[in-house]
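Participant: According to our numbering, the sequence shown is numbered sequentially starting from 247. Glycine included, each C-beta is placed from N, C-alpha and C at the ideal position.
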Amino acid sequence: MAAVDPEGSGDDLQQGLFSHLIELRSRLLKAVACVLLVLLALVPFANRLYSELAAPLVARLPQGAHLIATEVASPFITPLKLAFYTALFISMPVILYQLWAFVSPGLYKHEKRLARPLLVAAMFLFYCGCAFAYFLVLPAAFRFLTAVTPAGVEMMTDITHYLDFVMLMFFAFGLCFEVPVAVVILAAVGVVDVAKLRNARRYAIVGAFAVAAVITPPDITSMIMLAIPMCLLYELGIVAVRWLLPQRAASTD
Numbered sequence: 247m248a249a250v251d252p253e254g255s256g257d258d259l260q261q262g263l264f265s266h267l268i269e270l271r272s273r274l275l276k277a278v279a280c281v282l283l284v285l286l287a288l289v290p291f292a293n294r295l296y297s298e299l300a301a302p303l304v305a306r307l308p309q310g311a312h313l314i315a316t317e318v319a320s321p322f323i324t325p326l327k328l329a330f331y332t333a334l335f336i337s338m339p340v341i342l343y344q345l346w347a348f349v350s351p352g353l354y355k356h357e358k359r360l361a362r363p364l365l366v367a368a369m370f371l372f373y374c375g376c377a378f379a380y381f382l383v384l385p386a387a388f389r390f391l392t393a394v395t396p397a398g399v400e401m402m403t404d405i406t407h408y409l410d411f412v413m414l415m416f417f418a419f420g421l422c423f424e425v426p427v428a429v430v431i432l433a434a435v436g437v438v439d440v441a442k443l444r445n446a447r448r449y450a451i452v453g454a455f456a457v458a459a460v461i462t463p464p465d466i467t468s469m470i471m472l473a474i475p476m477c478l479l480y481e482l483g484i485v486a487v488r489w490l491l492p493q494r495a496a497s498t499d
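Written out as structure tokens, the structure reads:
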């Protein structure tokens with residue numbers, strides 16, 4: 247029987263760790279390179295991007311009102327920040343692919359089978375949440391905010407504050423649209439099952455309206471426009487559990 251060389255096993259462990267670090271560095275560099283390339287392509291269109299982003303507010307401002315820049319460098323820095331956010335948004339599939347390529351070799355076959363659709367669904371739902379906020383929620387919110395502006399007060403929004411507000415809305419709505427993914431993950435780790443999800447439906451509805459009341463601007467229309475999709479996405483999560491985890495759904499039927 248051959249003796250085990252502890253020094254040899256330690257060297258193998260160090261070499262394995264070193265190779266993983268090299269691969270991680272390579273994946274990160276590819277992701278960063280993708281973001282930088284997209285950013286360089288978008289920089290010439292930064293002002294046009296900001297005009298498109300500001301369209302939901304500008305279209306509802308009173309006649310003669312406009313956005314303002316309260317800092318000297320804001321007209322340059324703010325569109326550049328938006329170009330970076332847009333580059334990050336466009337590059338997200340590549341970033342997630344690099345992350346998946348690094349992590350997937352360490353996963354079991356059944357974990358890969360579940361993780362792939364969840365990863366694609368998470369990215370798609372986040373994009374849907376951002377689009378929902380831009381095309382539906384923001385116009386309704388700005389319509390309300392301009393309507394309730396007191397007489398004698400001129401609405402003049404700073405371009406940097408507007409960008410921060412819209413990015414916060416995009417991030418919040420994108421996360422809220424991840425409800426089905428969160429439901430499937432909770433079911434996969436055994437925290438919930440289909441029966442528990444059905445029984446918790448009323449609490450999920452109350453929670454959706456509570457989250458919507460905190461996240462959205464202070465008008466009932468925006469709150470409802472977020473709460474109802476979250477409730478529907480909760481139901482979609484139950485359907486996804488039955489489809490992706492049939493053994494867990496069958497155990498509760």
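Taking the straight line between their C-alpha atoms, what separation do you get for P351 and L267?
Facilitator: About 14 angstroms.
Participant: Please work out which residues of its chain come closer than 7 angstroms, Cβ to Cβ, to F388, disregarding the five sequence neighbours upstream and downstream, and give them in chain order.
Facilitator: Cβ neighbours of F388 beyond the five flanking positions: P302, L303 and R306.
Participant: Kindly indicate which three-state DSSP category D410 falls into: helix, strand or coil?
Facilitator: Helix.
Participant: State the start and end residues of the unbroken alpha helix (DSSP H) segment that holds G310.
Facilitator: Per DSSP, G310 belongs to no alpha helix (DSSP H) and is neither H nor E.
Participant: Given this structure, state the Cα-to-Cα distance separating A386 from V366, to the nearest angstrom.
Facilitator: The straight-line gap from Cα to Cα measures roughly 30 angstroms.
Participant: Between the region 326–342 and the region 275–291, do at least 3 Cβ pairs fall closer than 8 angstroms?
Facilitator: Output reads yes: the region 275–291 touches the region 326–342.
Participant: Could I get the ranges of all uninterrupted alpha helix (DSSP H) runs contained in the region 405–460, with 4 residues as the minimum, in chain order?
Facilitator: Whole alpha helix (DSSP H) segments, 4+ residues: 405–422, 425–434 and 440–445.
Participant: Residues in the same chain with beta-carbon distance under 7 angstroms from L391, minus the five sequence neighbours each way, listed in chain order, please.
Facilitator: Excluding sequence neighbours, L391 sits near P463.
Participant: Do T324 and L409 have their beta-carbon atoms positioned less than 8 angstroms apart in this structure?
Facilitator: Yes; because the gap between Cβ atoms is below 8 angstroms, this pair is in contact.
Participant: Could you check how far apart the C-beta atoms of L360 and V281 are, in whole angstroms? I think they sit under 8 angstroms.
Facilitator: Their Cβ separation, rounded to whole angstroms, is 28 angstroms, which puts L360 and V281 out of contact at 8 angstroms.
Participant: Anyone know if the C-beta pair for L345 and V430 falls short of 8 angstroms?
Facilitator: No, they are not a contact pair.
Participant: On the three-state DSSP scale, how would you describe A248?
Facilitator: In this prediction, A248 scores a pLDDT of 47, lower than 50, which makes its location untrustworthy; the coordinate-derived value is nonetheless stated afterwards. Looking at A248 - three-state DSSP - the assignment turns out to be coil, as it is neither helix nor strand.
Participant: I'd like the span of the alpha helix (DSSP H) that includes S350, first residue to last.
Facilitator: Element bounds for S350: n/a, residue is neither H nor E.
Participant: Could you round the C-beta distance between F455 and A473 to whole angstroms and report it? I think they count as a contact, below 8 angstroms.
Facilitator: That pair is a contact at about 4 angstroms.
Participant: Among L414, F348, A315 and A300, which has the Cα closest to the Cα of L274?
Facilitator: Nearest C-alpha to L274: F348.
Participant: Terminal residues of the continuous alpha helix (DSSP H) containing A486?
Facilitator: Where A486 is concerned, the enclosing alpha helix (DSSP H) stretches over I466 to L490.
Participant: What's the gap between the Cα of L263 and the Cα of E269?
Facilitator: Their Cα atoms are separated by approximately 10 angstroms.
Participant: Out of F322, F423, L353 and K355, state which residue places its alpha-carbon closest to the alpha-carbon of A368.
Facilitator: That would be F423, whose Cα lies nearest to the Cα of A368.
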